[in-house]
Amino acid sequence: MHVFEHTLNPVILDLGPVEIRWYGVMWALAFLFVYWYVRKAARQGMIKLRDDDVDLLMVWLVVGVIIGARLFEVLVWEPAYYFANPSEIVAIWRGGLSFHGGLLGGLIAGYLFARKRKISFLRLCDVCIVPIALGQAFGRVGNFINGELWGRITSVPWAVRFPGAEGYRHPSQLYEALYNVLIFIVLLKLAGKIRQDGFIFALFLVLYAVFRFVAEFFREPTAYVIGLTLGQALCIPMLLFGIWLFWYSKSFK
């Protein structure tokens, strides 16, 4: 059996009270890619936004995503840890940003922005979700470098021994990065070809829910709900909403 030892340093530069970590860099790259893509889409007429509108939108999205992702992580995924260590709640540079919470926070911010600018909220979702899919892959690579959110114990040849983890583990972070890249490729191929507002976003919800549900079988669970891992349980409403949105987008005029 070939086993990889995780010896990656999550810190790029240590300046004493300030650390520059790979995790933060990956999320910064993700947001920059979303900004570049949405700005390009706006200039191509895929959505009615000026350059300064895109600048403002990114501010709204960054704030909404980070707040939503952190609150979800603290209140849903690891409440016992964070309530016992309240000073860690603001330490987002060390990891701990929930995708489900980030998506919810981003949707709220996007809805408020779309309402303020009087543009289609679903069209905005369709445009933004394409680069967000790839941005999520960046975030999972950051999780891998951090040596967190590792997989279950396994004997596969590509198993990884993570610091602080017992035994050899699935590199589930990389599995998740891979399926997010695949989702991005599918959405990118269809972007601009399908005109029903909400269809691309619905497709993302369905694909992500299915892939994430399967990936949870390889990821070390933190909690169970009705016999499913918490991650799998959260995929169910996402899948159902995505299916409903498929129907709605086809009838939406």
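Just so you know, we're using the working numbering here: the sequence shown kicks off at 51 and counts up by one. Built from N, CA and C at the ideal position, the CB exists for glycine as well. This structure is a prediction, so every number in the text was calculated from the model and none was measured.
With distances taken between CB atoms, is the gap from residue i to residue j smaller than 8 Å?
i      : j      : result
Arg190 : Gln223 : yes
Phe188 : Met76  : yes
Phe291 : Gly185 : no
Ile203 : Arg219 : yes
Leu174 : Ala164 : yes
Gly201 : Pro213 : no
Tyr208 : Phe54  : The sequence given here places Trp at residue 208; Tyr does not occur at that position. The answer is yes: Cβ separation under 8 Å.
Met288 : Ala259 : yes
Ala183 : Phe267 : no
Ile293 : Val256 : yes
Ile195 : Leu58  : yes
Gly160 : Phe171 : yes
Val180 : Ala241 : yes
Can you tell me whether residue i is buried or exposed? The criterion is at least 16 other CB atoms within 10 Å of its CB, across all chains shown.
i      : result
Glu123 : buried
Lys303 : Interpretation of Lys303 is limited by its pLDDT of 48, a score under 50 that renders its predicted location unreliable; the figure taken from the coordinates is listed afterwards. The residue in question, Lys303, is exposed, as its Cβ has fewer than 16 Cβ neighbours within 10 Å.
Val177 : buried
Tyr274 : exposed
Ser137 : exposed
Val140 : exposed
Ser205 : exposed
Glu216 : exposed
Ile276 : exposed
Arg269 : buried
Gly114 : buried
Trp86  : exposed
Asn193 : buried
Trp297 : exposed
Ala91  : buried
Could you tell me which residues DSSP puts in a beta bridge with residue i?
i      : result
Thr279 : Tyr274
Glu55  : Arg211
Ile70  : Leu63
Gly201 : Arg269
Arg219 : Ile203 and Val210
Could you tell me whether the Cβ of residue i comes closer than 8 Å to any Cβ of chain D?
i      : result
Lys243 : Any reference to chain D falls outside this structure, which holds one protein chain only.
Practice item. Spell out a yes or no on whether the segment 81 to 101 and the segment 129 to 144 are touching, meaning 3 or more CB-CB pairs, one atom from each, closer than 8 Å. Key: no
Check your understanding: Does the segment 244 to 254 come close enough to the segment 270 to 289 to have 3 or more Cβ pairs within less than 8 Å?
Key -> Taking 8 Å as the limit for Cβ pairs, the verdict is that the segment 270 to 289 does not touch the segment 244 to 254.
**Study point:** Meets three-Cβ-pair contact criterion under 8 Å: the segment 146 to 153 and the segment 113 to 121
**Key:** yes
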